[in-house]
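Visitor:
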Amino acid sequence: MIQLNNIEKVYRTDTIETLALNNISLHVEKGEFLSIMGPSGCGKSTLLNLMGLLDMPSRGDVLIDRQTTQQMPDAQLAHFRNSKIGFIFQSYHLINDLQVLDNVELPLLYRKSTAKERKERATEALIKVGLGNRIKHFPTQLSGGQRQRVAIARAIVGRPEIILADEPTGNLDSAMGDEIMNILLELNRVDGTTIVMVTHDANMAQRTHRLVRLFDGSQVL
Amino acid sequence: MLRHLFKLIWNKKKENFLLISEIFISFIVTFAVFTLLVNFYRNYKKPAGMTYENVWTVNIGSTGLSKNKDSLLLVHENLKNALLSLPQIKAVSYTGNNTPFSNSSTMSGLSYLHHDVSRVDMYRGETSYGKVLGLKLVSGRWFENQDRAVKYSPIVINQVAVEKLMIKNPVGTVLGNKNENQLKIIGVVEDMKDKGDFLAPGPKMYTISDTGSVAYMSTILLKVSPDADANFESKVYKLIANSSKGSNVEIGHLTEARRKKNLEVLIPMIILMIISSFLIFNVALGLFGVLWYNISKRRGEIGLRRAIGASAFSVSSQLVGEALVLATFSLIIGSFFAIQFPLLHVFDLPAPIYLTSLFLSIVFIYLLVIFCALYPGKHAASIHPAVALHED
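So the protein sequences, as listed, match chains P and C.
Mapping the first sequence onto the numbering used here, position 3 (from 1) lands on 467, and the numbers just tick up by one.
Mapping the second sequence onto the numbering used here, position 130 (from 1) lands on 1503, and the numbers just tick up by one.
#1: Between which two residues does the alpha helix (DSSP H) harbouring residue 1594(C) extend?
#2: With distances taken between CB atoms, is the gap from residue 1500(C) to residue 1624(C) smaller than 8 Å?
#3: Helix, strand or coil: which one does DSSP assign to residue 1496(C)?
#4: List the residues of chain C whose Cβ lies closer than 9 Å to the Cβ of residue 546(P), in chain order.
#5: 8 Å is my cut-off, CB to CB: does residue 571(P) come that close to chain C?
#6: Apart from the five residues just before and just after residue 582(P), which ones in its own chain have a Cβ nearer than 6 Å to its Cβ?
#7: Please identify the residue among 468(P), 506(P) and 499(P) whose C-alpha is closest to the C-alpha of residue 491(P).
#8: Shortest alpha-carbon distance to residue 1579(C) belongs to which of 1537(C), 1497(C) and 1677(C)?
#9: Beta-carbon within less than 8 Å of residue 1422(C)'s beta-carbon, same chain only, minus the 5 sequence neighbours each way: which residues are those?
#10: Looking at the secondary structure, which residues open and close the alpha helix (DSSP H) in which residue 1449(C) lies?
#11: Checking 8 Å against the spacing of the C-beta atoms, do residue 1661(C) and residue 1754(C) come in under that value?
#12: Going by C-alpha to C-alpha distance, which of 1392(C), 1520(C) and 1465(C) sits closest to residue 1428(C)?
#13: Please name the residue in 600(P), 672(P), 525(P) and 641(P) whose C-alpha comes closest to that of residue 566(P).
#14: Taking only beta-carbon atoms, is residue 574(P) less than 8 Å away from chain C?
#15: Pairing CB atoms from the region 1614-1624 of chain C with CB atoms from the region 1385-1393 of chain C, are three or more of them under 8 Å?
#16: Output the distance between the C-alpha atoms of residue 1613(C) and residue 1483(C), rounded to the nearest integer angstrom.
#17: By alpha-carbon positions, which one of 514(P), 496(P) and 493(P) ends up nearest to residue 484(P)?
#18: Please state whether DSSP places residue 556(P) in a helix, a strand or coil.
#19: I want to know whether the region 530-550 of chain P touches the region 585-598 of chain P - three or more CB-CB distances under 8 Å.
#20: Name, in chain order, the residues that DSSP records as bridge partners for residue 1757(C).
#21: Applying a beta-carbon distance threshold of less than 8 Å, which residues of chain P neighbour residue 1690(C)?
#22: Is the shortest distance between the beta-carbon of residue 579(P) and the beta-carbons of chain C less than 8 Å?
#23: Does residue 529(P) get closer than 8 Å to chain C when you measure Cβ to Cβ?
#24: Which residue comes first and which comes last in the beta strand (DSSP E) that contains residue 1531(C)?
#25: Should residue 546(P) be labelled buried (16 or more other beta-carbon atoms within 10 Å of its own) or exposed?
#26: Decide if residue 585(P) is buried, meaning its Cβ has at least 16 other Cβ atoms within 10 Å, or exposed.
#27: At least one CB of chain C closer than 8 Å to the CB of residue 566(P): is that the case?
#28: Which residues mark the beginning and the end of the alpha helix (DSSP H) in which residue 1401(C) is found?
#29: Using 8 Å as the cut-off, can you tell me whether the region 1454-1462 of chain C makes contact with the region 1638-1650 of chain C, which would need three or more C-beta pairs spanning the two stretches below that distance?
#30: DSSP state of residue 1563(C), grouped into three classes?
#31: Is the beta carbon of residue 1407(C) sitting closer than 8 Å to the one on residue 1733(C)?
#32: Can you confirm whether residue 511(P), when its beta carbon is compared against all beta carbons of chain C, has any partner nearer than 8 Å?
#33: Spatial neighbours of residue 1451(C) within its chain, please: CB distance less than 7 Å, with the 5 preceding and 5 following residues excluded, ordered by chain position.
#34: Mind pulling the chain C residues with CB within less than 7 Å of residue 557(P)?
#35: Could one say the Cβ of residue 617(P) lies closer than 8 Å to chain C's Cβ atoms, at least one of them?
#36: With DSSP collapsed to three states, give me the class of residue 538(P).
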């Protein structure tokens, strides 16, 4: 589903060149739940950004569903992200001025869909994460765990084949973290969604199919 | 997407209140300026209704002239004949001080059935008055000498007066009450723009001078040939000064008087436009600043939108779209106030002037907002999603 070939990512400023990822090759199977671990600054989020087509590698190829992405223009990349990938972030990234339902509808705004269809699918996604009774709330009226569940609903509303989760339990206590993890496991098991999760929590990582460790931008074998 | 933008702006209405107010004030100022400009333009496009080229005004101060009506009539007649004997003079008419484009005016009123029209400009002249000013008859006729001795005082009125009095067939209509001096319309002339090119002509009536009014006829209107130069003017001056000893004689040209009258309107208009431009410029700067600031505050949101499928163009369009939605809120409030002007007949201007100005102001505000939002929108589109998401 996701194929990374000899990926290298270098950040350049006028004076400094930082090698964030060094010769990473990785293959994520369809329906796999992969976790990525490593110390802070080792390149986990950079790797996730490359998989999510939010950034381009300095060298190497990123293939999603067997399609090379390097030459894709911006509009095509945006369409690809919208239809294939769902994102979950540590800090939720919800829009506080919009109600929960409107936040979840967001990805559907960037594809052809009617208002009725958007509402139905967003409500369905919210019910799936157990927030069917919170659709009219604003994010500021929710707990951290509930916010992350809204973020998951937003990630799954477009029915993507891949979910990329960047420390989804990082801001939550262990009970809330478990709840979120269970939802992700359920999505992977029932819907067959391919999930790549960056985490610092070894317990969470152990519950996934495979663990990849990074250290100083390189994959630890 | 439009519904989403409205929802987003509506949910942030408190934060956007100042911006909406700013755009609203700009709209009102723009509407006022456009109303004046459209009104001036409409008046400018109307025909002059007269010929002001090669028309001179000679103002004769009355101090040195005889107070006796008969001798004054004789002086007038002799001077008129002397002037007409000059080949460059095509027509001559004595008139009052209220010549076209002058600052003097004589006002009267007219009434027909239940329609009273006040502030009617009244011009008194001789039978040649219409010829000197090139007034164009629409119907009826101009004065003749025998009009001085008829039962009803004959008058010629302009088209505005006909409209205001609501007379279907004006020629032959008698105006006024039986107890008063009744006036009979003998002709209708085109509207003469005597207050300059930019102001609408009001209702006017023309009457013929008689022996009783000779004392007030202290101005002579001369229609001269195009070759009448400064030498000829000096000759005319001497001729008039000799026949009106002790009086101050002043010769003016209607073209020059018209130019000055136009400037009286144009200069305040230009000043108003400069002041309004500064105001609009400040609003534009404010709008630009607020949009720019909003983008720096919403980097996380922009990063998120890019991640979930918005292209750079969609992000930029969204920012411009939001600014347009804000403008729409302001314009709805502004249009509500603006539409009251034609509904309540404020300033007595025709409704099409207000409606045209309303349309132009809306277009102007939208263009201004698009202009101010384009660069911040472009900046928002250039935000790198991975960086923006990491910052938050």
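Note that CB positions come from ideal geometry on N, CA and C, so glycine has one too.
All figures in this text were calculated on a predicted structure; none of them were measured in a lab.
Guide: Quick answer:
#1: Per DSSP, residue 1594(C) is not a residue of any alpha helix (DSSP H); the beta strand (DSSP E) it occupies stretches across 1592-1597.
#2: Contact: no.
#3: Per DSSP, reduced to three states, the secondary structure at residue 1496(C) is strand.
#4: Residues of chain C whose Cβ lies closer than 9 Å to the Cβ of residue 546(P) are, in chain order, 1681, 1682 and 1683.
#5: Yes, its Cβ sits closer than 8 Å to a Cβ of chain C.
#6: The beta carbon of residue 582(P) sits closer than 6 Å to the beta carbons of 569 and 572 from its chain, once the five residues preceding and following it are set aside; these are given in chain order.
#7: The shortest C-alpha separation from residue 491(P) is found at 468(P).
#8: Sorting 1537(C), 1497(C) and 1677(C) by C-alpha distance to the C-alpha of residue 1579(C) places 1497(C) at the top.
#9: Taken in chain order, the residues that qualify are 1508, 1509, 1531, 1562, 1563, 1564, 1565, 1566 and 1574.
#10: Here the alpha helix (DSSP H) through residue 1449(C) covers 1442-1457.
#11: Result no, Cβ atoms of residue 1661(C) and residue 1754(C) do not sit closer than 8 Å.
#12: Of the candidates 1392(C), 1520(C) and 1465(C), the one whose C-alpha sits nearest the C-alpha of residue 1428(C) is 1465(C).
#13: The residue with the shortest Cα to Cα distance from residue 566(P) is 600(P).
#14: Judged by the 8 Å Cβ criterion, residue 574(P) is in contact with chain C.
#15: Here the region 1614-1624 of chain C makes no contact with the region 1385-1393 of chain C; the two share fewer than three CB pairs at distances below 8 Å.
#16: Roughly 36 Å separates the two Cα atoms.
#17: For the residues 514(P), 496(P) and 493(P), the minimum Cα distance to residue 484(P) belongs to 514(P).
#18: In the structure shown, residue 556(P) sits in coil (DSSP, three-state: anything other than H, G, I, E or B).
#19: At 8 Å Cβ cutoff, the stretches do not touch.
#20: The beta-bridge partner set that DSSP reports for residue 1757(C) is empty.
#21: Ordered by position in chain P, no residue passes the 8 Å Cβ test against residue 1690(C), which lies about 11 Å from the chain.
#22: Closer than 8 Å to some Cβ of chain C, the Cβ of residue 579(P) qualifies, so yes.
#23: Interface criterion not met: the Cβ of residue 529(P) is under 8 Å from no Cβ in chain C.
#24: For residue 1531(C), the enclosing beta strand (DSSP E) stretches over residues 1526-1531.
#25: Burial call: buried.
#26: Residue environment: residue 585(P) is assigned as buried (16 or more neighbouring CB atoms within 10 Å of its CB, all protein chains considered).
#27: For residue 566(P), the answer is yes, since a Cβ of chain C falls inside 8 Å of its Cβ.
#28: Where residue 1401(C) is concerned, the enclosing alpha helix (DSSP H) stretches over 1386-1418.
#29: Flag = no, the region 1454-1462 of chain C and the region 1638-1650 of chain C do not touch.
#30: DSSP places residue 1563(C) in coil when its eight states are reduced to three.
#31: Result yes, Cβ atoms of residue 1407(C) and residue 1733(C) sit closer than 8 Å.
#32: Not an interface residue.
#33: So the qualifying residues of the chain are 1616.
#34: Correct list: 1673, 1677, 1762 and 1765.
#35: Not an interface residue.
#36: In the three-state DSSP reduction, residue 538(P) falls in the helix class (H, G or I).
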